[in-house]
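What follows is a single structure, written as structure tokens, with notes after it.
Number of protein chains: 2
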Amino acid sequence: MKMKVKVLELNAGGKMIGIVNEKDALELGVHPLDKIVLTKGNRKVTVTVDTTRNFIKPGTIVLYHDLKKIIKIRSGDKVYVEPRKPLVSKLYIRKKTDGHELTCLELRTIVDDVIAHNLNDLELASFITALHIHGLTLDESISLSKAMIETGKRLKFPGTVVDKHSIGGVPGDKTSMLVVPIIAASGLTIPKTSSRSITSPSGTADRMEILAPVDLHIDEIKKVIRKTKGCLVWGGSVDLAPADDLFIRIEHPLGLDPLLLPSVMSKKKSVGCKYLVIDIPTGTGAKINNREEAEKLARDFIEIGKSMGIKVDCAVTRGDQPVGYAVGPALEAREALEVVMNMKQSDVFDKATSVAGMLLGMAGKGNRKIAELMVKSGKAERKLREIIEAQGGDPKVKPEDIDVGPYSFTVRSRLGGTVSSISNAALVDICRAAGTPKDRGAGVLLSKKISDSVKEGEALFTIFAEKRQKLNAAIKTAKSYEIYGILSGRRKMLVEKI
Amino acid sequence: MKMKVKVLELNAGGKMIGIVNEKDALELGVHPLDKIVLTKGNRKVTVTVDTTRNFIKPGTIVLYHDLKKIIKIRSGDKVYVEPRKPLVSKLYIRKKTDGHELTCLELRTIVDDVIAHNLNDLELASFITALHIHGLTLDESISLSKAMIETGKRLKFPGTVVDKHSIGGVPGDKTSMLVVPIIAASGLTIPKTSSRSITSPSGTADRMEILAPVDLHIDEIKKVIRKTKGCLVWGGSVDLAPADDLFIRIEHPLGLDPLLLPSVMSKKKSVGCKYLVIDIPTGTGAKINNREEAEKLARDFIEIGKSMGIKVDCAVTRGDQPVGYAVGPALEAREALEVVMNMKQSDVFDKATSVAGMLLGMAGKGNRKIAELMVKSGKAERKLREIIEAQGGDPKVKPEDIDVGPYSFTVRSRLGGTVSSISNAALVDICRAAGTPKDRGAGVLLSKKISDSVKEGEALFTIFAEKRQKLNAAIKTAKSYEIYGILSGRRKMLVEKI
Chain A
1 MKMKVKVLEL NAGGKMIGIV NEKDALELGV HPLDKIVLTK GNRKVTVTVD
51 TTRNFIKPGT IVLYHDLKKI IKIRSGDKVY VEPRKPLVSK LYIRKKTDGH
101 ELTCLELRTI VDDVIAHNLN DLELASFITA LHIHGLTLDE SISLSKAMIE
151 TGKRLKFPGT VVDKHSIGGV PGDKTSMLVV PIIAASGLTI PKTSSRSITS
201 PSGTADRMEI LAPVDLHIDE IKKVIRKTKG CLVWGGSVDL APADDLFIRI
251 EHPLGLDPLL LPSVMSKKKS VGCKYLVIDI PTGTGAKINN REEAEKLARD
301 FIEIGKSMGI KVDCAVTRGD QPVGYAVGPA LEAREALEVV MNMKQSDVFD
351 KATSVAGMLL GMAGKGNRKI AELMVKSGKA ERKLREIIEA QGGDPKVKPE
401 DIDVGPYSFT VRSRLGGTVS SISNAALVDI CRAAGTPKDR GAGVLLSKKI
451 SDSVKEGEAL FTIFAEKRQK LNAAIKTAKS YEIYGILSGR RKMLVEKI
Chain B
1 MKMKVKVLEL NAGGKMIGIV NEKDALELGV HPLDKIVLTK GNRKVTVTVD
51 TTRNFIKPGT IVLYHDLKKI IKIRSGDKVY VEPRKPLVSK LYIRKKTDGH
101 ELTCLELRTI VDDVIAHNLN DLELASFITA LHIHGLTLDE SISLSKAMIE
151 TGKRLKFPGT VVDKHSIGGV PGDKTSMLVV PIIAASGLTI PKTSSRSITS
201 PSGTADRMEI LAPVDLHIDE IKKVIRKTKG CLVWGGSVDL APADDLFIRI
251 EHPLGLDPLL LPSVMSKKKS VGCKYLVIDI PTGTGAKINN REEAEKLARD
301 FIEIGKSMGI KVDCAVTRGD QPVGYAVGPA LEAREALEVV MNMKQSDVFD
351 KATSVAGMLL GMAGKGNRKI AELMVKSGKA ERKLREIIEA QGGDPKVKPE
401 DIDVGPYSFT VRSRLGGTVS SISNAALVDI CRAAGTPKDR GAGVLLSKKI
451 SDSVKEGEAL FTIFAEKRQK LNAAIKTAKS YEIYGILSGR RKMLVEKI
């Protein structure tokens, strides 16, 4: 059926919707939530049907503006509308749901249908859930990685490209902000793309954004890399693996992450990475709870890497407390700057130089000692400032220039002893109540970490907020948790003084 | 945040959406697909966020008209908008996803959140998929049935209420159109609600609609039952178990059906059913493939029935070919009328009198012989005409009054022998191509069924359509299948002549 297009200037969060009059829906033989195929010239797109009795007349189809990019449509255009034929990829999803392994071709068909927006949110949610429950075989992970690469963009950078990736889950992890300048200063190329926070207090893109713009286009990224050999940018606008971005859109609200391996590996391959270190924070309160799990994941990363020509080493790191002392975008950017400037002792230094040392070793360019020297000699700091400048930030920025929230509250210990545990989950919730990641100056600054001794009445941590109301909410949240474990004499007690 | 409401007259297929300006979304700290809670007076509803840059100004929220019923909102009203707190039922869904059994209270919490539209389509799709993969324990099915009953409407009818339900999957099953008048004529009460077709050629509501309106309100249903003791109406507008209807909205597009048991049993309990026969069509091409599966399902139905005071008997029936000869709304209504009028021999008579006989036996009112007599004596016909009249149809309708599609094509056998198999799936696809369920006069009329002998060139079946183009499409579909299996001499061959 030929229909006239009317474009609605709404952002539907990536949902592809076409609204038609109920009479046209009847004529097409479709119901709300069914799929229809729109054809204009040689472009085709599949959208979900919405129906209306009065809002639009028969003969017209209303489309959200998200579609304009895909099918190049404007109000007034004519499109040919027909019900969608049954999708073979729905059968493949059902096959996985019923516990069977999918072939390379079947997974590629699914990825193609995801990119063409042929599969709807329900079908994707069902697929993601089935993948979570049944897991992916190594072959499935490799097939999916390849399908994601083949359907995405490839970038070529000069020199030997290396990269690092943390599977995440530990607050305050500003390691990349040191690893990138160390590596770039050693002459290797490290085009680091990272994510913004979804539910955590801060993503690497959020931290770096305190120092410089991170929302760069591909051409700008290429320029930064040519100039400095490194970058720290947001991956969201790079469009390296569009299928992965569409999966993530469903995975995040469900809190499921079955595509971790293909998601990471496809993006690394797309930037031409040769050597890769995967950081697997492990411990109570991290994503991975024990060494055994960590080792299995590490083996899978290494195997998939082999299949696509990436040499992978994995670092199983401690994930039972925040990395460094600061949690929250501004506080973390400040700490990263202090550490790279050799102004502050922190385990961030240990972690960053370990990871950088592994990368240097893999590429035959040195070891951990060399990485430490890069920081101590000031070379890493100079490189970070070069990158900040290339991305459009102020290369002269000092830690004290970085504003943090003006409202603060310090939590003190009710007794003396040794810190035996710190709850990541509690700190994340406190930060969220304090306003992170939206309020850049909000967060938590620890005074004590695990193994530190603490006296009665001494500060354990300080909460920062940009608004008094949010500080109060954060204090209320803090009261509902047992955040610090203190080993005092023979008894272990969980104690704060609020 | 207080916001002004603007109502959009769009049917979003039950999706609860609120569209706000990007600036307001930032202020609320929410992204597209996140949830926000709207409060007006003492009414609350949770909707999914959509954002727009230009379509609406900050301070206004655009709502679809589906919401008007739930929160009684009109354009110009003020509502209080806030981000939703984390849902505990999301944790329960995750628990099931991870393979653990849910408690009665946990399932009730999920059902409450489904009804309050707190869970979004992704979360429901994920839950349905997890239920499909892990299955439900008997306790879970009982808990879910109870939660669905307690959150739905209850209807009270006079007399002893009995009912039948087929789990479906076999085309042409017009059994209910005979069982209801037989039972009602015997003095028992049978308030039969049934579904319209989603993907099958015809649902019982579609068949009955050829003879009388089926879209009755509860008060009208009560009147019909008081007058005739039976009815054959569409269940969709009765709102007996709203949670189930919301689950079905997600199950249908996914082609998953994990809630079969609670779905059926909650609806039967809600109409006060005491004796229930579940028809389980079994065989190649039916939903249930073998006797073992059928018996397990039967035991589960019986057990759940016990827990809620419904005596359940199950009929495992042959599901390897259509019931009767006709498939498609008008053709089936015509066949049902012919059989109840003793004009035509058909296995519909056998099946209907068996099921009715079981119900009569359970209620101490007779047996299969009595059921057969009800038809042979003309009592069932008189009762069906009473029901047709009470529902607003023509009680004098004759089989030849029912129009079927004017375009037809007869498929003949290429060789003589005995019919050994008929493909349900093929017939369903042919009917769909011919225009069912939308084109009421479309469908297929069989001339031969399994075990019938057939001569070379003799008719196997005839396709009917309302439009020539659709008849051609149906013929094309027929050519792509092996529909009839004919046992000829020693060789079994699949043969039609098109």
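As you go down the protein sequences, you meet chains A and B in turn.
Going by the UniProt record's numbering, 474 is the number at position 474 of the first sequence; the sequence numbering is gapless.
Going by the UniProt record's numbering, 208 is the number at position 208 of the second sequence; the sequence numbering is gapless.
The beta carbon of each residue, even a glycine, is placed where N, CA and C say it ideally should be.
Within its own chain, the residues whose Cβ lies closer than 6 Å to the Cβ of A/D24, once the five positions on either side in sequence are excluded, are P58, listed in chain order.
Leaving aside the five residues that flank A/E386 on each side, the residues in its chain whose CB is nearer than 6 Å to its CB run, in chain order, T228. Around the beta-carbon of B/I430, 16 or more other beta-carbon atoms lie within 10 Å, marking it buried. Assigned with DSSP and collapsed to three states, B/G357 falls in helix. With contact defined as three or more Cβ pairs closer than 8 Å, the stretch 410-430 of chain A and the stretch 372-389 of chain A are not in contact. Within the stretch 18-32 of chain B, the residues whose Cβ lies closer than 8 Å to any Cβ of chain A are, in chain order, I19, E22, L26, G29, H31, P32. Of all residues in the stretch 226-256 of chain A, those with a C-beta nearer than 8 Å to a C-beta of chain B are R249, I250, P253, L254, G255, L256, reading in chain order. Counting C-beta pairs closer than 8 Å gives fewer than three between the stretch 58-74 of chain A and the stretch 84-103 of chain A, which falls short of the contact rule.
Under the 10 Å beta carbon count, B/E251 is surrounded by 16 or more other beta carbons and is classified as buried. B/L359 is positioned such that its CB atom lies closer than 8 Å to that of B/I183. In chain order, T97, A130, I133 make up the part of chain B whose C-beta sits under 7 Å from the C-beta of A/I133.
Residues of chain A whose Cβ lies closer than 7 Å to the Cβ of B/L122 are, in chain order, D121, A125, I250, P253, L254. Between the C-alpha atoms of A/I483 and A/G443 there is a straight-line separation of about 15 Å. Within 10 angstroms of the beta-carbon of B/N42 lie fewer than 16 other beta-carbons, which makes it exposed. Each residue's CA atom was taken as its position, placing B/L144 and B/M265 some 10 Å apart.
A check of alpha carbon separations from A/G272 across A/K156, A/H217, A/D347, A/S354 identifies A/K156 as the nearest. Here A/E82 carries a strand assignment [DSSP, helix/strand/coil]. With respect to the C-alpha of A/S200, the residue from A/A333, A/S447, A/K369, A/P171 having the closest C-alpha is A/P171.
Note that the stretch 439-458 of chain B touches the stretch 318-329 of chain B; at least 3 beta-carbon pairs, one per stretch, sit closer than 8 Å. For the beta strand (DSSP E) assignment, the uninterrupted runs of no fewer than 3 residues enclosed by the stretch 277-340 of chain B are, from N- to C-terminal side, 311-318. Contact between A/I280 and A/L297 is confirmed by a C-beta separation of about 6 Å, below the 8 Å threshold. For A/N118, no Cβ of chain B is located within less than 8 Å of the residue's own Cβ. When the alpha-carbon of A/R334 is set against those of A/T46, A/K164, A/A294, A/V404, the nearest one is in A/V404. With a threshold of 16 other beta carbon atoms within 10 Å, A/D401 falls short and is exposed.
With contacts defined by Cβ atoms closer than 8 Å, A/T129 and B/S126 form a contacting pair. Beta-bridge partners assigned by DSSP to B/T39: B/K44, B/Y80. In the DSSP assignment, the residues bridged to A/C231 are A/P191. Burial state of B/G319 is buried, judged by a 10 Å Cβ sphere holding 16 or more other Cβ atoms. With fewer than 16 neighbouring CB atoms inside 10 Å of its own CB, B/E82 falls in the exposed class.
Contact of A/E9 with chain B is assigned, a C-beta pair being separated by under 8 Å. Just so you know, the alpha carbons of A/G457 and A/S195 end up roughly 38 Å apart. Look at the beta carbons and you see the stretch 108-124 of chain A touching the stretch 147-155 of chain A: at least three pairs across the two are nearer than 8 Å. In the displayed model, B/M3 falls within a strand according to three-state DSSP.
In the assembly as shown, B/D173 is a buried residue. Its beta-carbon has 16 or more other beta-carbons within 10 Å. Judged by beta-carbon spacing, A/D244 lies within the 8 Å limit of A/S263, meaning their Cβ atoms are closer than that value. Around the beta carbon of A/K398, fewer than 16 other beta carbons lie within 10 angstroms, which makes this residue exposed.
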